[in-house]
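Novice: For what it's worth, this note's numbering labels the leading residue of the sequence shown as 1, then goes sequentially.
Don't be surprised by glycine CBs; every beta carbon is placed ideally from N, CA and C.
Take a look at this one; I'll ask things after.
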Amino acid sequence: MRYIIGSDKYHVAGNWNDIWKAQAPHKAHHLLWRLCRGCLPTRYRLLERRVECNLNCPVCDEEIEDELHIFFRCAVARDSWCAAGLSSVLHNAAYQQPNAMDRIFAVCSNESSDTVGRVTMLLWCLWQNLHKLRSNSVSGTTEADLVRWEKPALGWVKCNVDVAFVSGSGRSSAGLCFRDSSGQFMAGMTQWQQTVILSVEGES
Numbered sequence: 001m002r003y004i005i006g007s008d009k010y011h012v013a014g015n016w017n018d019i020w021k022a023q024a025p026h027k028a029h030h031l032l033w034r035l036c037r038g039c040l041p042t043r044y045r046l047l048e049r050r051v052e053c054n055l056n057c058p059v060c061d062e063e064i065e066d067e068l069h070i071f072f073r074c075a076v077a078r079d080s081w082c083a084a085g086l087s088s089v090l091h092n093a094a095y096q097q098p099n100a101m102d103r104i105f106a107v108c109s110n111e112s113s114d115t116v117g118r119v120t121m122l123l124w125c126l127w128q129n130l131h132k133l134r135s136n137s138v139s140g141t142t143e144a145d146l147v148r149w150e151k152p153a154l155g156w157v158k159c160n161v162d163v164a165f166v167s168g169s170g171r172s173s174a175g176l177c178f179r180d181s182s183g184q185f186m187a188g189m190t191q192w193q194q195t196v197i198l199s200v201e202g203e204s
């Protein structure tokens, strides 16, 4: 997802090359990208988008679940930083920015690629643990209800597409992700269009 539409309106300031240098799997890079783009579905973000939900962190039930709390302030997160031998990074005075995005960019700009990779994987693990906790707390979910992504056949490339619409704006957006037969990320893009189409048309 390194392609971001070249518009100042959608531009996020920061040295993105420092994020890609992390010695970590693509899935962890993708998490950092989503975090720094404000795309992670935290409870705070969901409420911003008018999704009714309990704002408290399901792990500690003490603070609002936003990016800063999940990855830096929650007691479980802080214990995880210490257990991973990264407490010096967590408590570094240079990384106490008021939002998670700026902290990530600061860490990625100043630490070695090895340390950035360890931090990236720690954040990925924290997010996965939170996701599992949420999933286990939802009743009525059965294995049959789950739709899992499948790799394409050998020699093929799979393109997954999603389309969103901004009500009343006459605009739609699309996101594409290409993966090879081993499931490795190859390319991706996002795009806004000044047009109105049906969801069936957009995703076909």
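1) So Ser182 is in the alpha helix (DSSP H); what residue range does that whole segment cover?
2) So, does the segment 96–108 touch the segment 52–59, judging by three or more C-beta pairs under 8 Å?
3) Could you name the residues of the same chain whose beta carbon sits closer than 6 Å to that of His26, not counting the 5 residues immediately before and after it, in chain order?
4) Compare the beta carbon distance of Leu130 and Ala100 with 8 Å and say whether it is the shorter of the two.
5) Could you spell out the range, first to last residue, of the alpha helix (DSSP H) harbouring Asn17?
6) Cβ of Ala100 less than 8 Å from any chain D Cβ?
7) Is the beta carbon of Ala84 closer than 8 Å to that of Arg118?
8) Select from Ala187, Phe105, Phe72 the residue whose C-alpha is nearest the C-alpha of His91.
9) Rounded to whole angstroms, what is the Cα-Cα separation between Ser135 and Lys151?
10) Quick check on Ser172: buried or exposed, where buried means 16 or more other Cβ atoms within 10 Å of its Cβ?
11) Buried or exposed for Arg43, please, with buried defined as at least 16 other CB atoms from any protein chain shown within 10 angstroms of its CB.
12) Just confirm the distance between the C-beta atoms of Val161 and Leu176, as a whole number of angstroms; I'd bet it's less than 8 Å.
Specialist: Answer, in terms of the structure:
1) The count along the sequence shown starts at 1 and reaches residue 182 at position 182. Unbroken run through Ser182: none, as it is neither H nor E.
2) no
3) The sequence position of residue 26 within the sequence shown is 26, counting from 1. Cβ neighbours of His26 beyond the five flanking positions: Phe185.
4) Here residue 130 refers to the residue found at position 130 when the sequence shown is read from its first residue. Here residue 100 refers to the residue found at position 100 when the sequence shown is read from its first residue. Their beta carbons are not under 8 Å apart, which means Leu130 does not touch Ala100 by this criterion.
5) Locating residue 17 in the sequence shown gives position 17, where the first residue counts as 1. Start and end: 16–20.
6) Considering every chain present, this structure includes no chain D. It has just one protein chain.
7) Position 118 of the sequence shown holds residue 118. Position 84 of the sequence shown holds residue 84. In this structure, Ala84 lies closer than 8 Å to Arg118 by Cβ.
8) Translated into positions along the sequence shown, residue 91 becomes position 91. That would be Phe72, whose Cα lies nearest to the Cα of His91.
9) Here residue 135 is taken as the residue at index 135 of the sequence shown, counted from 1. Here residue 151 is taken as the residue at index 151 of the sequence shown, counted from 1. Computed Cα separation, rounded: 24 Å.
10) Along the sequence shown, read from residue 1 onward, the residue named residue 172 stands at position 172. Buried, because 16 or more other Cβ atoms sit within 10 Å of the Cβ of Ser172.
11) For the purposes of this step, residue 43 is taken as the residue at position 43 of the sequence shown. Buried.
12) Stepping through the sequence shown from its first residue, residue 161 is reached at position 161. Stepping through the sequence shown from its first residue, residue 176 is reached at position 176. Between Leu176 and Val161 the Cβ distance is about 5 Å, and since that is below 8 Å, they are a contact.
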